[in-house]
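Notes to accompany the following structure.
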Amino acid sequence: MQASFPKIRVIGAGIVGLTVAHEFALAGQSVEIIERADGPGRGCSFFAGGMLAPWCEEESAEPLVREWGREGLEYWTKIVPVAEVRGTLVVAPPRDRPDLLRFSRLTTGFDWLDRSGLADREPDLAQRFDTALFYPAEAHLDPRQAVCALTGRLRQFENVTFRFNTAAESLSGAADWIIDCRGYGARDSLADLRGVKGEMLVLATGEISLKRPVRLLHPRHPVYVVPRGDGRFMVGATVIENETRRVTARSILELLSAAYALHPAFGEAEIIEMGADLRPAFPDNLPRIRRSGRVVHVNGLYRHGFLLAPALARRTAAAVLKDAFFPEVMDEHRSERQTA
Amino acid sequence: MENRPLAIYGTPLSSRLLVGTAQYPSPAILAEAIKASGAEIVTVSLRREAGASRSGESFWSLIRELGAKVLPNTAGCRSVKEAVTTAQMAREVFATSWIKLEVIADDDLLQPDPFGLVEAAAILVRDGFNVLPYMTEDLVLAEKLIGAGCEVLMPWGAPIGSGRGLNNPFALQALRRRFPHVPLIIDAGIGTPAHAAAAMELGYDGVLLNTAIAKAGDPVSMARAFALAVEAGRLAYCAEPIPPRDMAEPSTPQLGRAFADLPRRA
Numbered sequence: 271m272q273a274s275f276p277k278i279r280v281i282g283a284g285i286v287g288l289t290v291a292h293e294f295a296l297a298g299q300s301v302e303i304i305e306r307a308d309g310p311g312r313g314c315s316f317f318a319g320g321m322l323a324p325w326c327e328e329e330s331a332e333p334l335v336r337e338w339g340r341e342g343l344e345y346w347t348k349i350v351p352v353a354e355v356r357g358t359l360v361v362a363p364p365r366d367r368p369d370l371l372r373f374s375r376l377t378t379g380f381d382w383l384d385r386s387g388l389a390d391r392e393p394d395l396a397q398r399f400d401t402a403l404f405y406p407a408e409a410h411l412d413p414r415q416a417v418c419a420l421t422g423r424l425r426q427f428e429n430v431t432f433r434f435n436t437a438a439e440s441l442s443g444a445a446d447w448i449i450d451c452r453g454y455g456a457r458d459s460l461a462d463l464r465g466v467k468g469e470m471l472v473l474a475t476g477e478i479s480l481k482r483p484v485r486l487l488h489p490r491h492p493v494y495v496v497p498r499g500d501g502r503f504m505v506g507a508t509v510i511e512n513e514t515r516r517v518t519a520r521s522i523l524e525l526l527s528a529a530y531a532l533h534p535a536f537g538e539a540e541i542i543e544m545g546a547d548l549r550p551a552f553p554d555n556l557p558r559i560r561r562s563g564r565v566v567h568v569n570g571l572y573r574h575g576f577l578l579a580p581a582l583a584r585r586t587a588a589a590v591l592k593d594a595f596f597p598e599v600m601d602e603h604r605s606e607r608q609t610a
Numbered sequence: 002m003e004n005r006p007l008a009i010y011g012t013p014l015s016s017r018l019l020v021g022t023a024q025y026p027s028p029a030i031l032a033e034a035i036k037a038s039g040a041e042i043v044t045v046s047l048r049r050e051a052g053a054s055r056s057g058e059s060f061w062s063l064i065r066e067l068g069a070k071v072l073p074n075t076a077g078c079r080s081v082k083e084a085v086t087t088a089q090m091a092r093e094v095f096a097t098s099w100i101k102l103e104v105i106a107d108d109d110l111l112q113p114d115p116f117g118l119v120e121a122a123a124i125l126v127r128d129g130f131n132v133l134p135y136m137t138e139d140l141v142l143a144e145k146l147i148g149a150g151c152e153v154l155m156p157w158g159a160p161i162g163s164g165r166g167l168n169n170p171f172a173l174q175a176l177r178r179r180f181p182h183v184p185l186i187i188d189a190g191i192g193t194p195a196h197a198a199a200a201m202e203l204g205y206d207g208v209l210l211n212t213a214i215a216k217a218g219d220p221v222s223m224a225r226a227f228a229l230a231v232e233a234g235r236l237a238y239c240a241e242p243i244p245p246r247d248m249a250e251p252s253t254p255q256l257g258r259a260f261a262d263l264p265r266r267a
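As they're listed, the protein sequences go chains C and F. Be aware that the first sequence starts at 271, since it is given in my numbering, and climbs by one per residue. Be aware that the second sequence starts at 2, since it is given in my numbering, and climbs by one per residue.
Now the structure itself:
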């Protein structure tokens, strides 16, 4: 019986590769995950913010991100429950109040908070801001913890194998399907894929406590702070049309200034990490499932890796196993599919 | 008044709207908005970090594919040296001698540094650049920039991204009257199409903006709205608007109107 199953080879053990592998495994397939690094989630996923914020993202993302993002939210709270639903706060300094108004007009699913509403939720911020937007249904997770949890889940499947320190090109064994989830690593195979640099840092301080992600609006340097527990805070992230992984002084200066504007106690925090990676993106900043023959590229999740990966993975499995078609993310011609 | 076509550094332009390429929700929406705006010139800011390593190539090629003439800018530069280096890098990357010169002095208002601007403009003109300086609306500064070799001037309407419109119409008008033959383009501060139309009605040759389109709820529709407003403002200027006056002037003469004395007869 086992031998008759098509064998699925997933290339890349970032958040896309792992969720895709999970979907195929749940469907009873035999899955092999190939990763050139020595462990899972060492690329883009490693530096992610881990905000599950489908409503906040309406500010700049297409409606699809909200719709499919809600599936992501459910996945990370029910199926692989590593996320905490504590909502998102959006604040702006008094002089950037018009930005808060603009944000409220472009998004849904929020309540306006006054100072006392803010004090109930984040007392440390109530002295700093007298109004905020609160998105109660949003959640956040620690990306590195989520990768571990999902990897652990996958290891429980008998017919799922991991091969780390392995380049996809070095493999000779046959696979029925190759699901390429390499992110920016697949740049050479996808002509319209680009990298968008994101830089982040992690601060540690015992002087502030936050229970949920906070976004600080600013006309030039919007920033978010996500609590990681144990007094650690992830501060991110720049969005720069640049395909190097260099962390620049200017970016760190901007991130730190914004964190300091959110709360001066961040000025005394210890910088425990700085990092940068390239978000894979297509021109409309929406993801794609792109089939050519027996190779399927799942890519272009841009700023929405953890948010959109579950919905993309589900549809990838359906496209491969049931020949389903999703016009929102599949831009190949149908005729091409039939000859494949 | 004849509506003479605009030419900048010898390049004739049929659209008087120039558009920036930053802050859009995605490159795809940027492309659609540029198309809807009808702009023939788009500005692009270059980070020196990306310029040195040529690592912004994916995005730059998307910009080149828009088919518009690329006007690189030195956004974010705070010294003459930075601005000159960035301009030289931009010339290599975008294969153009045009440069929108920004030398910023103040963090809060992003106000141009007039002294650094004149110095950098002189250096770049000597180096063969066609310089479009982003300046305050100061008349004397305009003279110095022209003296430095700038053939186009770009005074601000209001601080970058503020959306406040024309803060100082009096000075902008003075600038227009003093330099009737220098192409003048309002750069920055425009919030709504009404602001753009007002700039054109002052006799300005064009309007350059970014945030008002990129951050609108629907950037593509807003781009079209600005295209219409710029055209309307230009037509209005050439059609010579009536001067405002204090008293009503009926468009139909009251005197001799049939039955005009009816109330008195009643």
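Cβ coordinates follow ideal geometry from the N, Cα and C atoms, glycine included.
Taking the continuous alpha helix (DSSP H) assigned at residue i, which residues delimit it?
i      : result
P134/F : Per DSSP, P134/F belongs to no alpha helix (DSSP H); it is in the beta strand (DSSP E), N131 to M136.
P92/F  : According to the sequence provided, residue 92/F is Arg. The question's Pro does not apply to it. Looking at the DSSP string, the run of the alpha helix (DSSP H) that includes R92/F is V81 to F95.
K348/C : Careful: K348/C lies outside any alpha helix (DSSP H) and carries neither H nor E.
M223/F : P220 to C239
T475/C : T475/C -> no alpha helix (DSSP H), and no H or E assigned at all.
Shortest alpha-carbon distance to residue i belongs to which of the options?
i      : options                           : result
A200/F : L176/F, L210/F and G234/F         : G234/F
E332/C : D369/C, N555/C and K592/C         : N555/C
Y494/C : E511/C, F432/C and L473/C         : L473/C
V505/C : F595/C, E513/C and P492/C         : P492/C
S330/C : S374/C, Y345/C, D547/C and R367/C : S374/C
E302/C : R423/C, L411/C, N429/C and A407/C : N429/C
V119/F : T97/F, Q89/F, A91/F and G150/F    : G150/F
P13/F  : A91/F, P28/F and I42/F            : I42/F
A437/C : G455/C, L424/C, L420/C and R398/C : G455/C
D366/C : S386/C, L486/C and I522/C         : L486/C
V280/C : G453/C, R482/C and D384/C         : G453/C
E439/C : T508/C, G298/C, R423/C and I304/C : I304/C
P26/F  : A217/F, P242/F, E144/F and S62/F  : A217/F
E344/C : F536/C, R561/C, L463/C and L322/C : L322/C
F60/F  : T75/F, A84/F, A32/F and S38/F     : A32/F
T401/C : L383/C, L411/C and V417/C         : L383/C
A318/C : A519/C, R498/C and T514/C         : R498/C
P532/C : V496/C, D500/C, S521/C and A551/C : It is Leu, not Pro, that sits at residue 532/C in the sequence shown. Nearest option by C-alpha distance: V496/C.
G387/C : L370/C, P406/C and L371/C         : P406/C
Would you give the residue range spanned by the beta strand (DSSP E) that residue i belongs to?
i      : result
G21/F  : L18 to G21
K216/F : Segment: none, K216/F is in no beta strand (DSSP E) and carries neither H nor E.
Below 8 Å on the Cβ atoms is my contact criterion, and I expect residue i with residue j to pass it. Report the Cβ-Cβ distance as a whole number of Å.
i      : j      : result
I278/C : I449/C : 6 Å
S315/C : P413/C : 6 Å
E511/C : G57/F  : 5 Å
F130/F : I100/F : 5 Å
G339/C : H574/C : 7 Å
M34/F  : A224/F : In the sequence under discussion, the amino acid at residue 34/F is Ala, which differs from the Met named in the question. Sure, about 4 Å apart at Cβ, within 8 Å.
G342/C : L578/C : 6 Å
L395/C : V517/C : Not quite, the Cβ-Cβ distance comes to about 27 Å (not below 8 Å), so this is no contact.
L47/F  : V81/F  : Not really, about 17 Å apart at Cβ, beyond 8 Å.
A143/F : L102/F : Between L102/F and A143/F the Cβ distance is about 14 Å, and since that is not below 8 Å, they are no contact.
N569/C : L463/C : 6 Å
T514/C : S54/F  : 6 Å
R17/F  : D206/F : 6 Å
A416/C : G320/C : 7 Å
Based on the DSSP output, what are the partners of residue i in its beta bridges?
i      : result
R558/C : N569/C
R279/C : E302/C and I448/C
G342/C : BP columns for G342/C are empty, so no partner.
L322/C : A409/C
D381/C : F404/C
Y494/C : R485/C and G506/C
A587/C : DSSP lists no partner for A587/C.
S46/F  : N74/F
I187/F : V208/F
G468/C : D547/C
For chain B, find out if any of its Cβ atoms is closer than 8 Å to the Cβ of residue i; answer yes or no.
i      : result
N435/C : In the structure shown, chain B does not exist; the protein chains are C and F.
Sufficient close CB pairs (3 or more, under 8 Å) joining the segment 578–590 of chain C to the segment 290–302 of chain C: yes
Inter-stretch contact at 8 Å, needing at least 3 Cβ pairs: the segment 368–380 of chain C / the segment 2–16 of chain F: no
Touch test, the segment 56–68 of chain F against the segment 99–109 of chain F, Cβ-Cβ under 8 Å, three pairs minimum: no
Stretch-stretch touch, CB-based, cutoff 8 Å, three pairs: the segment 355–363 of chain C with the segment 388–404 of chain C: yes
The segment 459–470 of chain C in contact with the segment 540–551 of chain C per 3-pair CB rule at 8 Å: yes
At least 3 beta-carbon pairs within less than 8 Å: the segment 157–164 of chain F vs the segment 128–144 of chain F: yes
Inter-stretch contact (C-beta, 8 Å, three-pair minimum) for the segment 520–538 of chain C and the segment 555–573 of chain C: no
Cβ contact (3+ pairs, closer than 8 Å) linking the segment 161–176 of chain F and the segment 199–215 of chain F: yes
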